[in-house]
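In order, the protein sequences belong to chains A and B.
Residues in the first sequence are numbered from -2 upward in steps of one, following the numbering used here.
Residues in the second sequence are numbered from -2 upward in steps of one, following the numbering used here.
Notes follow the structure.
Number of protein chains: 2
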Amino acid sequence: MTISADLLTRCPLFDGISPEDLPGMLACLGARSMRADKGSVILREGSPAKDVGILLSGCVQLIRTDFAGNRTIMMSITPVKLFAESFSCSKAGLLPVDVIASEESDYLLIDCRRIMTACTHACSFHSRIIFNLLQIVADKNLALHQRALITAGRSTREKLMTYLLIQAKEANNARFSIPFDRQGLADYLEVDRSGLCAEMSKLKKEGVLDYYKSDFRLLNLPMQDTIE
Amino acid sequence: MTISADLLTRCPLFDGISPEDLPGMLACLGARSMRADKGSVILREGSPAKDVGILLSGCVQLIRTDFAGNRTIMMSITPVKLFAESFSCSKAGLLPVDVIASEESDYLLIDCRRIMTACTHACSFHSRIIFNLLQIVADKNLALHQRALITAGRSTREKLMTYLLIQAKEANNARFSIPFDRQGLADYLEVDRSGLCAEMSKLKKEGVLDYYKSDFRLLNLPMQDTIE
DNA sequence: CCTCCTGCGTTGAAAATTCAACGGAAATTC
DNA sequence: GAATTTCCGTTGAATTTTCAACGCAGGAGG
């Protein structure tokens, strides 16, 4: 895949870096270009965490399966975001999750040490990159807090509505799409799939919600409601 | 409270900083010494996140209460650890949780900008501090992943046992104490308190577990089992 | 020493989730 | 284009959790 500079400027790791400096910087960081088929494992739980991933296209998910077989989706990553960076920055050094491509995906891998330690060329933007990385890891932290707020609901309906309201708020629109199929959503909310389907149907009958596949619309919401 | 240098050298933010440099560094960072009574709110959800907290004594917890009244304990902080640092480093800028002293506590507050931007004295340890901060935020990330693994269990028993096994592993001992009372543990595991008590009693009857107040002991565990 | 309050364990009934199974629709594969 | 696989929605029974309430022990405070 040819990496467009436009794509990378939208990556939060390179905030404040001018586009013309990007190619040299990528070379300096030793970025490797990768591709993953849909459903394939990009990084395996328990393996050493050394790299920072940058998702260029597709979609990847952080998934943990416990000994009882419960599958949990911790987070869904969309372009042009980082993944696995928190694990590579931490002391632990082992991945607590599988990183899986839920769609065919292109991504870069960068050895985290190349980011965290000053490069041989003493490039002037390095401190900015580290600053950006700190902010990104902190933002991931916030996302995990938000997910915990969702799963803290004591019923399927409560979890689902909390999730959907947050999505609508982030999209700033009563219509929005989600990066999950039904099973994926159930695994993200930590509920049973069939129970989730049943609750969704109920909400549709009640006129609270409308949906088709992964496109949703919240009704009776004090918010703009536009189609594109 | 007099701040002993020994205490601060155990704070991960100052890893790699020599003890004699600490007092000057604290002054440079503008650290303010604070005290909180048991049960009092140190930082309020929704207020601007600007400071990094360093807990010197006592215990603080990150607590979120949703609109339905469900109380969730996201994390319990013990000395000499940081708190609220992730929120102050993130773009969001607002606290997603209440920070509450579960015991009478002493702590320091440091304006996060003083840490993240080079100080006027251009102190040579600043980059080390930022590096440490990145690692700490990443470690918090890991802790949240671990908590999610616990709450992913589909039953009270599963959540409880996952939690206790992790505690025993971290203590490297089948005997250990936890920083929660029953209600607190229930709020951390996201289960009902009475159901938790019932499950604990059952496990005790079954000979899997023994406990008194907040002291626990896992039986039949392939692990050393010593009384201090 | 007595009273008040908090935390803990128990119980029973109501409600919700989980689990297994099935049919249909849509997408994928050959 | 036909077969196959995957995804989705539904249902009913079994299992759990939730919720409200109560008694008791221990500590705090007057």
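Cβ coordinates follow ideal geometry from the N, Cα and C atoms, glycine included.
Endpoints, alpha helix (DSSP H) assigned at residue i
i: residue 134(A); result: 123 to 148
i: residue 23(B); result: 19 to 26
i: residue 68(A); result: Premise fails: residue 68(A) lies in the beta strand (DSSP E), 68 to 74, not in any alpha helix (DSSP H).
i: residue 159(B); result: 153 to 168
i: residue 84(A); result: 82 to 86
Where residue i falls, given that 16 or more other Cβ within 10 Å makes a residue buried
i: residue 215(B); result: buried
i: residue 219(A); result: exposed
i: residue 209(A); result: exposed
i: residue 191(B); result: exposed
i: residue 58(B); result: buried
i: residue 225(B); result: Residue placement at residue 225(B) is flagged as unreliable, the pLDDT there being 48, under the threshold of 50; a coordinate-derived value is accordingly withheld.
i: residue 64(A); result: exposed
i: residue 1(A); result: exposed
i: residue 61(B); result: buried
i: residue 212(B); result: exposed
i: residue 227(A); result: Any answer about residue 227(A) is impossible in this case: the structure gives chain A only from -2 up to 225.
i: residue 79(B); result: buried
i: residue 29(B); result: exposed
i: residue 132(B); result: buried
i: residue 38(A); result: exposed
i: residue 189(B); result: exposed
i: residue 98(B); result: buried
i: residue 16(B); result: exposed
i: residue 36(B); result: exposed
Opening and closing residue of the beta strand (DSSP E) in which residue i lies
i: residue 220(A); result: Careful: residue 220(A) lies outside any beta strand (DSSP E) and carries neither H nor E.
i: residue 30(A); result: 29 to 33
i: residue 95(B); result: 95 to 98
i: residue 174(B); result: 172 to 174
i: residue 3(A); result: Unbroken run through residue 3(A) is the alpha helix (DSSP H), 2 to 6; no beta strand (DSSP E).
i: residue 51(A); result: 48 to 54
i: residue 41(A); result: Premise fails: residue 41(A) is in no beta strand (DSSP E) and is neither H nor E.
i: residue 102(A); result: 102 to 108
i: residue 226(B); result: Past the boundaries of the shown model lies residue 226(B); chain B is included only from -2 to 225, so the question cannot be answered.
i: residue 57(B); result: 57 to 62
Contact under 7 Å by Cβ, residue i with residue j
i: residue 85(A); j: residue 56(A); result: no
i: residue 141(B); j: residue 141(A); result: yes
i: residue 8(A); j: residue 74(A); result: no
i: residue 226(B); j: residue 138(A); result: Because chain B is modelled from -2 through 225, residue 226(B) falls outside the range shown and cannot be assessed.
i: residue 193(B); j: residue 153(B); result: yes
i: residue 71(A); j: residue 94(A); result: yes
i: residue 134(A); j: residue 135(B); result: yes
i: residue 177(A); j: residue 165(A); result: no
i: residue 5(A); j: residue 43(A); result: no
i: residue 13(B); j: residue 125(B); result: yes
i: residue 54(A); j: residue 3(A); result: no
i: residue 184(B); j: residue 68(B); result: yes
i: residue 100(A); j: residue 34(A); result: no
i: residue 149(B); j: residue 187(A); result: yes
i: residue 129(A); j: residue 23(A); result: no
i: residue 159(B); j: residue 147(B); result: yes
- Along the segment 173 to 197 of chain B, what residues have a CB closer than 7 Å to any CB found in chain A? So the close ones are 187.
- Interface residues of the segment 132 to 145 of chain B facing chain A [CB-CB below 8 Å]: Residues passing the 8 Å Cβ filter: 132, 134, 135, 136, 137, 138, 139, 141, 142, 143, 144, 145.
- Item | Contact set between the segment 67 to 80 of chain B and chain A, restricted to residues whose Cβ is under 7 Å from the partner | Listed by position, the residues of the segment 67 to 80 of chain B near chain A (Cβ gap below 7 Å) are 67, 69, 71.
- Task: Please name the residues in the segment 31 to 63 of chain B whose beta-carbon is closer than 7 Å to at least one beta-carbon of chain A, in chain order.
- Result: Using a CB distance below 7 Å, the part of the segment 31 to 63 of chain B facing chain A consists of 61, 63, ordered along the chain.
- Message: Give the list of continuous beta strand (DSSP E) stretches no shorter than 3 residues that lie fully inside the segment 172 to 209 of chain A.
- Response: Taking only runs of at least 3 residues, the beta strand (DSSP E) segments lying wholly in the segment 172 to 209 of chain A are 172 to 174, 206 to 209.
- Output, in sequence order along the chain, the residues in the segment 85 to 103 of chain A whose CB is closer than 9 Å to any CB in chain B. Residues passing the 9 Å Cβ filter: 85, 86, 87, 88, 89, 93, 94.
- Which of the residues in the segment 150 to 172 of chain A, read from start to end, lie with their CB under 8 Å from any CB of chain B? Residues of the segment 150 to 172 of chain A whose Cβ lies closer than 8 Å to any Cβ of chain B, in chain order: 150, 151, 155, 159.
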